[in-house]
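For the sequence shown, the working numbering begins at -2 and goes up steadily by one. Working notes, structure below.
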Amino acid sequence: GKTTFVRGACRALGVTGPVTSPTFAIGQVYRGERDGEGLEVAHLDLYRMPFLLAGEEPGLLEDYLTGERFAFVEWPAVAPPGGLGRVRASVRLEHLSPRRRSIVVER
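Here it is in structure tokens:
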């Protein structure tokens, strides 16, 4: 569900190439285009990185999270306090049934 959501958002942001889950990598960066302007989208999965919360490798996310990029972060609770920069919205996906999901957006 999470990568499917990000894939749809990337398509809306003009990303035309494959959008894959970053589960076994820190993240992926995609290039898109919106209103004739180039843009970048970062997709991170922090599930396997509890060491971030412990304060280890504090600069690890800096290469992905910049002020110029849209960023989607799976498992954001693993990030150190303030480590995600300015969060503009939080999206929560909930399983209602095997074929139904709820999407909750908080700004």
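Even for Gly, the Cβ is constructed at its ideal location relative to N, Cα and C. All of these numbers come straight from a predicted model, not from anything done at the bench.
Distance, residue j Cα to residue i Cα
i	j	result
proline 73	phenylalanine 48	13 Å
leucine 62	glutamate 91	25 Å
arginine 45	aspartate 32	36 Å
serine 94	glycine 80	33 Å
Expected contact under 8 Å - CB spacing of residue i and residue j to nearest Å
i	j	result
glutamate 71	leucine 36	At roughly 20 Å, the Cβ-Cβ gap does not stay under 8 Å, so glutamate 71 and leucine 36 are not in contact.
glycine 11	glycine 29	4 Å
alanine 68	leucine 41	7 Å
arginine 104	arginine 85	7 Å
Residue i - partner residues in DSSP beta bridges
i	result
valine 38	Tyr27, Phe67
arginine 83	DSSP output for arginine 83 lists no bridge partner at all.
arginine 89	Val101
Residue i, DSSP secondary structure in three states
i	result
arginine 96	coil
leucine 58	coil
leucine 10	coil
arginine 4	helix
leucine 49	helix
valine 75	helix
Buried versus exposed call for residue i [16 or more other C-beta atoms within 10 Å across all chains shown]
i	result
proline 19	buried
leucine 57	buried
glycine 64	exposed
alanine 39	buried
glycine 82	exposed
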